[in-house]
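Take a look at the structure below.
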Amino acid sequence: MIALLIRDFRLAMRAGGGFGLGLAFFLIVVTLVPFGVGPQSALLATIAPGILWLGALLSCLLSLDRIFALDWEDGSLDLLATSPLPMEAIVTVKALAHWVTTGLPLVLAAPVFALLLNMPAAGYQPLVLSLLLGTPALSVIGTFGAALTVGLKRGGLLLSLLVLPLYVPTLIFGAEMARRGAEGFDTTTPLLMLAGITCGTIALLPFASAAVLRVNLR
Amino acid sequence: MGLSVSDLSVARGGIRVLEGLSFALAPGQALVLRGPNGIGKTTLLRTIAGLQPPVSGEVDAPADSLVYAGHADGIKATLTVRENLGFWAQAFGNSDISQAMEAFQLTPLGERPAGALSAGQKRRLGLARLLVTGREIWVLDEPTVSLDVEAVAMFAAAVRAHLAGGGLAVIATHIDLGLTEAEVLDVTPFKAKPLEHDDFDGAFL
Amino acid sequence: MPDLGKYAEAVLSSYAISIAIIIGLIVVSVMRANRVNKQLQEIENKVKNNG
Amino acid sequence: MNLNTLWAYANPKKFIQTTDRVLPWVAGLAALALVLGLIWGFFFTPEDYRQGSTVKIIYLHVPSALMAINAWLMMLVTSLVWIVRRHHVSALAARAAAPVGMVMTVIALITGAIWGQPMWGTWWAWDPRLTSFLILFLFYLGYIALWEAIENDDTAADLTSILCLVGSVFALLSRYAVNFWNQGLHQGASLSLDKEENVADVFWYPLLVCIAGFVLLFVALVLLRTRTEIRARRMRVLLARERMGA
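Residue numbers (full-length UniProt numbering), protein chains in the order written: chain A, 1 to 218; chain B, 1 to 205; chain C, 1 to 51; chain D, 1 to 246.
Laid out in structure tokens, this is it:
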């Protein structure tokens, strides 16, 4: 399994690996918001947590269809299916690789982008914590969506249509936690719910993704 | 420890393509599948390799003993030859790739990114992967496509060595591999008879 | 007609829209059923005589 | 003719024969109950002292909301039957029920929004119940889109049934997340639209008839559409076999 993880990191880092893709998109989304909403800093400050969470979510969504598509085209998926690695392990490693190459950079970059939206100082720590807890769920759910649409020709649009409704609980609790943090309220309830959802998805969804991949490999 | 297939029928896109297939292979034996294109050789090989469930009948082989090589070799263009082979070795649980590199004379190409290889070299890398997995039963679909004569001889030698070492191989190919000891099975007689059209339920198979 | 008071417009519009949608769904379903049925008959006859 | 195990349970020919007899009755009853219920509710119920005549909208909103949720539950059950028993008819029944469920969700959304308008002063308020129906609508959309996107029927049935299982868990999660999220706005619990508790008897009986009407309508439509799906699938198989045979 470690071999697969290392290989995926190498692939992501190499030219055309799409490592900075999500990050660049996140920056673009955050910079576009003031153009759309207007530069009043008071307004930006109130919506900053929500915008940052939406930006992170959309950046995750953007790089989902690359998870299996490349391995599907060059036949690696078939070969991996006959390897001793159980399909559930392959799916989990793929989700982890996606999280580290896309999710983690978003978490680290979020405070910097929060400056652009002059988010209140109290909000930084809850924002980073909520993203840290929420993005793994986004990657695991996204991997499920990617597995569903791996064989389809124009699967990208369908992938977003399938995955976005599944993102709703994580988005609600994540953004709520960041917003409460920014307004100085207590953030324990949304934090616990967010962590619960993430743990639940990480524990259960790989089985569904593995089943879906086996169906698609037929 | 061999591979035995009994009364196997396989379907592609929900429709039966081959049925009633049975054969058994003891260690050291090879089987070459012949038959026109599109008759279902690939579907049969994928079912034997366990990538898809058979419609009926069963394939029994010791667990984790099969390795499948299809048309696409699973080579990552941005990784070097050594990294590609090394990954597949670790994925299958062992780490020595030098022996496989020798068998297909890939050592000089070790550090070159796979994207820069010719079709024949890529194919040799794909076949070298078989050696690295250390699996007994090779299930190969058109392995010698885009290989020049000299590479085909290299491949035949590797297969012969594999068989000598007690391995088995099921190979679908058109050209003669020079494997004298391999049995040949023409799958054309096993083509699935289309069910009579008036049985309404049957149409769902 | 019951006196609907100042909410007449809301009540009438919701009834109108809902009934229209339901009828639309029924019509679409029935039309599709007939079309598929006809196509199936054609194919079965074609298969039957040159089968 | 050897019916292999995959097929032993399901029998579309028997399904079509039985529904030939049953469908007209169900359709007739549905029409009767709907017309009766709506007329009774629309013409013969007094105004509500608080909501005035808008209370008449419950005869559309409550049944459609109930059917929207029950349609998804029915799809969940049929998906499970498909995964466990490989029962072709149940997979096709799930495919047939999805559009009907989606339409019911749309009706519930529209009538809910119109009904809430006098209270909230706007055509759309992020009331927890309405919002969870909007999310349910997105789930239906994704489910139907996945069915349309895949050619091979068996793969499509497998993938959509797994999506239905996973979707149901997340729909439930979203339902509570939305509740938490709206209260979270400290705007005070808006008057949510759960009518069941304070419905006086005189309103209750026509509502029951309407609910029966909607259920029968749902069953009739699903039976009709499932028959169409079975015939469409048979057509695809015959065409495919013709191509293969030629």
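Backbone N, C-alpha and C define an ideal beta-carbon position, used for all residues, glycine too.
Using the C-alpha atoms, what's the distance from A/F19 back to A/M13? For the purposes of this step, residue 13 of chain A is taken as the residue at position 13 of the first sequence. For the purposes of this step, residue 19 of chain A is taken as the residue at position 19 of the first sequence. So the two alpha carbons sit approximately 6 angstroms from each other.
Hey, how far is the Cα of D/L38 from the Cα of D/A96? Along the fourth sequence, one-based indexing puts residue 38 of chain D at 38. Along the fourth sequence, one-based indexing puts residue 96 of chain D at 96. Their Cα atoms are separated by approximately 26 angstroms.
Could you check whether B/G165 and B/L147 sit closer than 8 angstroms to each other, using their CB atoms as the reference points? On the second sequence, position 147 is the one that residue 147 of chain B refers to. On the second sequence, position 165 is the one that residue 165 of chain B refers to. In this structure, B/G165 does not lie closer than 8 angstroms to B/L147 by Cβ.
Beta-bridge partners of B/W138, as assigned by DSSP: Residue mapping note: residue 138 of chain B aligns to position 138 of the second sequence, counting from 1. Partner(s): B/V67 and B/A169.
Less than 8 angstroms between CB atoms is the rule here; does A/I197 satisfy it with respect to chain D? Numbered from 1 along the first sequence, position 197 holds the residue referred to as residue 197 of chain A. It does; some Cβ of chain D falls within 8 angstroms.
Where does A/F19 fall in DSSP's three states? Translated into positions along the first sequence, residue 19 of chain A becomes position 19. Reduced to three states, the DSSP call for A/F19 is coil.
I need the straight-line Cα distance from D/W40 to D/P206, nearest angstrom please. Start at 1 with the first residue of the fourth sequence, and residue 40 of chain D comes out as number 40. Start at 1 with the first residue of the fourth sequence, and residue 206 of chain D comes out as number 206. Their Cα atoms are separated by approximately 6 angstroms.
Burial state of D/T226 (16 or more Cβ within 10 Å): Along the fourth sequence, one-based indexing puts residue 226 of chain D at 226. Flag for D/T226 reads buried.
Neighbouring residues, chain D, relative to B/I15 (Cβ below 8 angstroms): Taking the second sequence and counting its residues from 1, the one referred to as residue 15 of chain B is at position 15. V237, A240, R241 and M244, listed in chain order.
Between A/L159 and A/W53, is the Cβ-Cβ spacing less than 8 angstroms? Sequence index remark: in the first sequence, residue 159 of chain A carries index 159 (1-based). Sequence index remark: in the first sequence, residue 53 of chain A carries index 53 (1-based). Taking 8 angstroms as the Cβ cut-off, A/L159 and A/W53 do not qualify as a contacting pair.
Using a 10 Å radius around the Cβ and a threshold of 16 neighbouring Cβ atoms, would you call D/L193 buried or exposed? By one-based count along the fourth sequence, residue 193 of chain D stands at place 193. Residue placement at D/L193 cannot be trusted, given a pLDDT of 47 that sits under 50; what the coordinates show is reported in the next sentence. Buried, because 16 or more other Cβ atoms sit within 10 Å of the Cβ of D/L193.
Span of the alpha helix (DSSP H) around A/R179: Within the first sequence, the letter at position 179 stands for residue 179 of chain A. G155 to A182 is the span of the alpha helix (DSSP H), which, as asked, contains A/R179.
Would you list, in chain order, the members of the segment 143 to 166 of chain A that have their beta-carbon closer than 8 angstroms to a beta-carbon of chain B? none
Taking CB distances under 8 angstroms as the criterion, tell me whether D/V148 reaches chain C. As a working mapping, residue 148 of chain D is identified with position 148 in the fourth sequence. First, the amino acid is wrong: residue 148 of chain D is Glu here, not Val. So, not an interface residue.
Straight-line gap, B/L66 to A/L194 (C-alpha atoms, nearest Å): Numbered from 1 along the second sequence, position 66 holds the residue referred to as residue 66 of chain B. Numbered from 1 along the first sequence, position 194 holds the residue referred to as residue 194 of chain A. Straight-line Cα distance between these residues: approximately 43 angstroms.
C/S14 and D/L172 closer than 8 angstroms at C-beta: For the purposes of this step, residue 14 of chain C is taken as residue 14 along the third sequence, with counting starting at 1. For the purposes of this step, residue 172 of chain D is taken as residue 172 along the fourth sequence, with counting starting at 1. Going by C-beta atoms, C/S14 is not nearer than 8 angstroms to D/L172.
Is there a Cβ of chain D sitting closer than 8 angstroms to that of A/V37, yes or no? Residue 37 of chain A sits at position 37 when you count from the first residue of the first sequence. It does not: the Cβ of A/V37 has no partner Cβ on chain D nearer than 8 angstroms.
Counted within 10 angstroms of its Cβ, other Cβ atoms place D/I114 as buried (16 or more) or exposed: The sequence position of residue 114 of chain D within the fourth sequence is 114, counting from 1. Under this definition D/I114 is a buried residue.
Separation of D/G116 from D/E196, as counted between CA atoms: Indexing the fourth sequence from 1 puts residue 196 of chain D at position 196. Indexing the fourth sequence from 1 puts residue 116 of chain D at position 116. Caution is warranted here: a pLDDT of 46 is assigned to D/E196, below 50, making its placement in the model unreliable, and the coordinate value is therefore given only provisionally. About 16 angstroms.
Looking at the secondary structure, which residues open and close the alpha helix (DSSP H) in which A/D71 lies? Your numbering for residue 71 of chain A matches position 71 in the first sequence. Run containing A/D71: R66 to E73, per the alpha helix (DSSP H) assignment.
For A/P136, collect the residues of the same chain with a Cβ closer than 7 angstroms to its Cβ; drop the 5 residues on either side in sequence, then sort them by chain order. On the first sequence, residue 136 of chain A is found 136 positions in, with the first residue counted as 1. Closer than 7 angstroms at Cβ, skipping near neighbours: W99, G103, T198 and I202.
Taking Cβ positions only, does A/R218 come closer than 8 angstroms to chain D? Working through the first sequence from its first residue, we reach residue 218 of chain A at position 218. With 8 angstroms as the cut-off, A/R218 counts as an interface residue toward chain D.
Can you grab the Cα-Cα spacing for the pair D/V62 / D/V215, in whole Å? Position 62 of the fourth sequence holds residue 62 of chain D. Position 215 of the fourth sequence holds residue 215 of chain D. Using only the alpha carbons, I get a separation of about 12 angstroms.
Any Cβ of chain D within less than 8 angstroms of the Cβ of A/V168? Stepping through the first sequence from its first residue, residue 168 of chain A is reached at position 168. Answer yes: the Cβ-Cβ gap between A/V168 and chain D drops below 8 angstroms somewhere.
Cβ-heavy atom distance between B/A26 and the ligand HEM below 7 angstroms? The model depicted lacks the ligand HEM and carries no ligand whatsoever.
Proximal chain D residues relative to A/A208, where beta-carbon distance stays under 8 angstroms: Position 208 of the first sequence, counting from 1, holds the residue named residue 208 of chain A. In chain order: I162, L165 and V166.
Could you name the residues of chain A that B/E83 contacts, counting a contact when the two beta carbons are closer than 9 angstroms? By one-based count along the second sequence, residue 83 of chain B stands at place 83. R7 and R10, listed in chain order.
In its own chain, which residues sit with a C-beta less than 8 angstroms from the C-beta of C/K48, not counting the 5 before and 5 after it? Position 48 of the third sequence, counted from the start, is the residue given in the question as residue 48 of chain C. Excluding sequence neighbours, C/K48 sits near nothing in its chain.
Quick check: the segment 71 to 87 of chain A against the segment 202 to 215 of chain A, are at least 3 beta-carbon pairs closer than 8 angstroms? yes
Take the Cβ of A/G134 as the centre, count every other Cβ of all protein chains shown within 10 Å, and call the residue buried at 16 or more, exposed below. Here residue 134 of chain A refers to the residue found at position 134 of the first sequence. Flag for A/G134 reads buried.
Whole-angstrom Cβ separation of A/G123 and A/A175, contact assumed at under 8 angstroms? For the purposes of this step, residue 123 of chain A is identified with residue 123 of the first sequence, where counting begins at 1. For the purposes of this step, residue 175 of chain A is identified with residue 175 of the first sequence, where counting begins at 1. At roughly 11 angstroms, the Cβ-Cβ gap does not stay under 8 angstroms, so A/G123 and A/A175 are not in contact.
Using a Cβ distance threshold of 8 angstroms, determine whether the segment 54 to 70 of chain A contacts the segment 138 to 155 of chain A, with at least three qualifying pairs required. yes
Would you check if the distance between the CB atom of B/I97 and the CB atom of B/T188 is smaller than 8 angstroms? The sequence position of residue 97 of chain B within the second sequence is 97, counting from 1. The sequence position of residue 188 of chain B within the second sequence is 188, counting from 1. No, these two residues do not count as a Cβ contact at 8 angstroms.
Of the listed residues D/N70, D/F218 and D/W147, nearest to A/G155 (C-alpha basis): Translated into the one-based positions of the first sequence, residue 155 of chain A becomes position 155. Of the candidates D/N70, D/F218 and D/W147, the one whose C-alpha sits nearest the C-alpha of A/G155 is D/W147.
In chain D, which residues lie with their C-beta within 8 angstroms of the C-beta of C/V36? In the third sequence, the residue the question calls residue 36 of chain C occupies position 36. By Cβ distance, chain D contributes T228, R231, A232 and M235.
Just reading off the beta strand (DSSP E) that B/E183 is part of, what are its end residues? Here the question's residue 183 of chain B lines up with position 183 in the second sequence. E183 to D186 is the extent of the beta strand (DSSP E) around B/E183.
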